[in-house]
Each structure stands twice: as C-alpha cells, then as structure tokens.
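Engineer: This note's numbering applies: residue 950 is where the sequence shown begins, and numbers increase by one.
Have a look at this one.
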Amino acid sequence: MFGIFPHVVLDRSHKLMRGFDEQFMAPHSRHTTIYVSDAAKIRDLDILATSQEAGLYLAASHDGRRVFVTGHSEYDAKTLELEYRRDQAAGKPIEMPKNYYPNNDDTLQPVITWRAHGALLFSNWLNYFVYQETPYDIDSISGEHGK
C-alpha cells in the first residue's frame, strides 16, 4: 500500500472528525493490512474513516483515549518521494506511489492533497482529547503522579 488514497468519514458526530470534508485524501506507506471487518468486531472501537482501496484509516476507543491511524497524515510533501527513490536505489521492487505525481509522471513535483486534513486531525486530537481532557491541577491527575 503506497500512495495517496481517498477516504470517507463514517461518523461525522465524532470530535476527531469535526470540520472534515465527506471525502479526504491521506498518504499510506505500509506492507500490512487491517481489515475493517476485523476492527468492527472490537466492541470498544469506533471506526471513523475508511478507504475503499486502503481500508481502515482512523478508529478510536469510545472514550477517545486510544486513537489508531493507519495512514501517514504527518508526511510532508517529499516523504513518499524519498521512500520511493530510496527503494529504487536499493534495487527493491517498488511501484510509483499512487495518486502522488501529476499524470503518474515521477519527473513532476507531487501535488499535496492531504495537508489540510492532516493538520485538522492533529488539531482535533490535541484540542478535544488532550487539552480539554487534561486537568490543570496536577494533584487531580490519577496514576503515578496523582494521589
């Protein structure tokens, strides 16, 4: 799985998905698969976004404390190209990243189609599940630092 793929939002009411378009693009670079049907069997898991081609993209526990992202929304413009060129130079079998270069011409600059979605995903996570859920008083935090 190597390239940029379209994804659809399955749960628009979830805080992580606030502001997302109905369809968005996200990079993938992996040699594994997590089937949506397998993830759906986990009772404490909300499946939030999937791709017809790339499969499961985003899921979270009901309480939002665990978030699972199978793509690479953090990738910058050149990351897939660097991976592609590295594997080519090493003589590894590698296909051109899908939906990355205009007209599938790897002599052209890639078109970035995921930056806004990636920023929104991390912003939503930090805002709704870190900042708003973390107590300001260190004494009210449970665990090894709390009482």
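Here a beta-carbon is modelled for each residue, glycine too, at the ideal position from N, C-alpha and C.
Given a cut-off of 8 Å, decide if residue 997 and residue 1008 are closer than it, judged by their beta-carbon atoms.
Structural biologist: Taking the sequence shown and counting its residues from 1, the one referred to as residue 1008 is at position 59. Taking the sequence shown and counting its residues from 1, the one referred to as residue 997 is at position 48. Yes; because the gap between Cβ atoms is below 8 Å, this pair is in contact.
Engineer: Judging by CA-CA distance, which residue of 1058, 1048, 1052 and 1072 is the nearest neighbour of residue 1109?
Structural biologist: In the structure as shown, the chain starts at 950 and stops at 1096, and residue 1109 therefore has no counterpart that could be examined.
Engineer: Which term fits residue 1060, buried or exposed, when burial requires 16 or more other beta carbons within 10 angstroms of its beta carbon?
Structural biologist: Position 111 of the sequence shown, counted from the start, is the residue given in the question as residue 1060. Flag for residue 1060 reads exposed.
Engineer: Buried or exposed: residue 1042, going by 16 or more other Cβ atoms within 10 Å of its Cβ?
Structural biologist: Along the sequence shown, read from residue 1 onward, the residue named residue 1042 stands at position 93. Exposed, by the Cβ-count rule.
Engineer: Consult DSSP for residue 995 and reduce its assignment to one of helix, strand or coil.
Structural biologist: What you label residue 995 is simply residue 46 of the sequence shown in a count that begins at 1. The answer is strand: DSSP assigns residue 995 an E or B state.
Engineer: How big is the Cα-Cα spacing for residue 1015 and residue 1074?
Structural biologist: Mapped onto the sequence shown, residue 1015 falls at position 66. Mapped onto the sequence shown, residue 1074 falls at position 125. If you take the alpha carbons of residue 1015 and residue 1074, they lie about 10 Å apart.
Engineer: Rounded to the nearest angstrom, how far is the Cβ of residue 1000 from that of residue 1066, given a contact under 8 Å?
Structural biologist: Position 51 of the sequence shown, counted from the start, is the residue given in the question as residue 1000. Position 117 of the sequence shown, counted from the start, is the residue given in the question as residue 1066. The pair is not a contact, with the Cβ atoms about 12 Å apart (cut-off 8 Å).
Engineer: Measuring alpha carbon to alpha carbon, tell me which of 1071, 1051, 1022 and 1028 ends up nearest residue 964.
Structural biologist: Counting from 1 along the sequence shown, the entry for residue 964 is found at position 15. Residue 1071 is the option with its Cα nearest to residue 964.
Engineer: To the nearest angstrom, how far is it from the Cα of residue 950 to the Cα of residue 978?
Structural biologist: Within the sequence shown, the letter at position 1 stands for residue 950. Within the sequence shown, the letter at position 29 stands for residue 978. Taking the straight line from one Cα to the other gives about 6 Å.
Engineer: On the three-state DSSP scale, how would you describe residue 1072?
Structural biologist: Your numbering for residue 1072 matches position 123 in the sequence shown. In this structure, residue 1072 counts as helix in the three-state DSSP scheme.
Engineer: How many angstroms separate the CA atom of residue 1053 from the CA atom of residue 1045?
Structural biologist: The residue labelled residue 1053 in the question sits at position 104 within the sequence shown. The residue labelled residue 1045 in the question sits at position 96 within the sequence shown. Their Cα atoms are separated by approximately 8 Å.
Engineer: Contact check, residue 971 vs residue 958 under 8 Å by CB: the rounded distance?
Structural biologist: Indexing the sequence shown from 1 puts residue 971 at position 22. Indexing the sequence shown from 1 puts residue 958 at position 9. Contact flag correct, Cβ pair sits at about 6 Å.
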